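With the working numbering, letter number 103 in the sequence shown gets 879, and the count goes up by one each step, no holes. Backbone N, C-alpha and C fix where the C-beta goes; we use that ideal spot for every residue, glycine too. The structure presented is a predicted model; accordingly, all values stated were derived computationally and were not measured. Take a look at the structure set out below.
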Amino acid sequence: MSTDSRELLIGQSTFIWGSRTYVMGVLNVTPDSFSGDGTGDDSQRAVDQALRFEDEGADIIDIGGESSRPRSVYKDARSVPADEETARVLPVIEALSGRLGIPISIDTQKSSAVRLAVAAGAAMANDVSMFGADPDMPGALAELGVPVVINHARERAVYPSGVIPEVIEDLRRSAALVVDAGLPESHVILDPGIGFGKTTEQSIDMQRGLSELVDLGYPVLVGTSRKSSIGEVLGLPPDQRLEGTAATVALAIERGADIVRVHDVREIVRVVRMSDAIVRGWSRTN
């Protein structure tokens, strides 16, 4: 990455990478979220949850209308048509626009959904397919000029050269795609895609080697919250994975993560603040 900028304006909020770790709250407007926290068709419940996340210390709200559950794990997982997805997310974004003091991110793989979400008030995008689901996504993002999180994903957990170097190379190429389309390099955020086309062992290896992705120079987002790798290690269902999530978040911060994406905002904000105090330094005047 050639840019020297460590600041990014997202909506009306300025993010200064390296100054502290930012928290993205997950808002699933779906009936089938793997974590069991989806709000379904209850738009008011989703709005209330987003406002509560802001009160609890979230810096970004990530709103998704299509579950990202991997089909390799969840046999009933299905793709959601664009009109169904936008029917779920747009009323929530519109209701929150002007009420939230923090930016809204749209979690989608579809360029049409990104366009409508940004028009409704979203200020950034989060594509869990690494642009693989919609080849028009890089051009749409460049046209809209909004920051994007590129989430690493593969169909199969096969990494002949090792998970860390191949994830880094895949993300580098995807970043080049959207930058070549016209999006400023400073608007690109990378996510190693914990659990997306990765075994538990590979996900753990990726977390251990996260600093190598950080060295690429882009801001890095890590989403380990309630993931199946935590469940497999601890033998616990999604709603009992808070402590495991906290451990992965603390390690991600130590390895250089800039944003953590979580379901349990209040608790993880506390973990982030304590971890930041140790990793980045603390004084009574902070």
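Spatial distance of residue i from residue j (CA atoms)
i, j, result
"I944", "V925", "14 angstroms"
"Y850", "D883", "In this prediction, Y850 scores a pLDDT of 45, lower than 50, which makes its location untrustworthy; no coordinate-derived value is stated."
"D1040", "L997", "16 angstroms"
"G971", "L1027", "16 angstroms"
"R1037", "M900", "14 angstroms"
"A951", "A863", "29 angstroms"
"P936", "E942", "8 angstroms"
"M1050", "R1031", "15 angstroms"
"G921", "V955", "11 angstroms"
"D912", "V990", "27 angstroms"
7 angstroms Cβ shell around residue i - same chain, five flanking residues per side excluded
i, result
"W1058", "none"
"R796", "D1052 and R1056"
"V939", "K974, Q978, D981 and M982"
Residue i classed as buried or exposed, judged by whether at least 16 other C-beta atoms fall within 10 angstroms
i, result
"R1017", "buried"
"A1033", "buried"
"P857", "exposed"
"I1044", "buried"
"R1060", "exposed"
"S881", "buried"
"L947", "buried"
"V1048", "buried"
"V823", "buried"
Nonlocal neighbours in the same chain, by C-beta distance under 8 angstroms from residue i, ignoring five residues either side
i, result
"I1006", "T1000, L1012, R1017, G1020, T1021 and T1024"
"G874", "G897"
"A957", "P914, G915, L917 and A918"
"Y798", "F791, D835, I836, D1034, I1035 and V1036"
Contacting residues, own chain, Cβ-Cβ under 6 angstroms from residue i (five flanking each side not counted)
i, result
"I1054", "none"
"R1042", "E832"
"S819", "P867 and V868"
"L959", "L917 and A918"
"A826", "L803, I837 and L872"
Anticipated Cβ contact below 8 angstroms, residue i with residue j, distance rounded
i, j, result
"Q885", "D859", "Their Cβ separation, rounded to whole angstroms, is 15 angstroms, which puts Q885 and D859 out of contact at 8 angstroms."
Give the list of continuous beta strand (DSSP E) stretches no shorter than 3 residues that lie fully inside the segment 833-883.
836-840 and 880-883
Which runs of the beta strand (DSSP E) fall wholly inside the segment 883-933 and span at least 3 residues, in chain order?
900-903 and 924-927
What residue ranges within the segment 925-996 form continuous beta strand (DSSP E) runs of no fewer than 3 residues, ordered along the chain?
964-967
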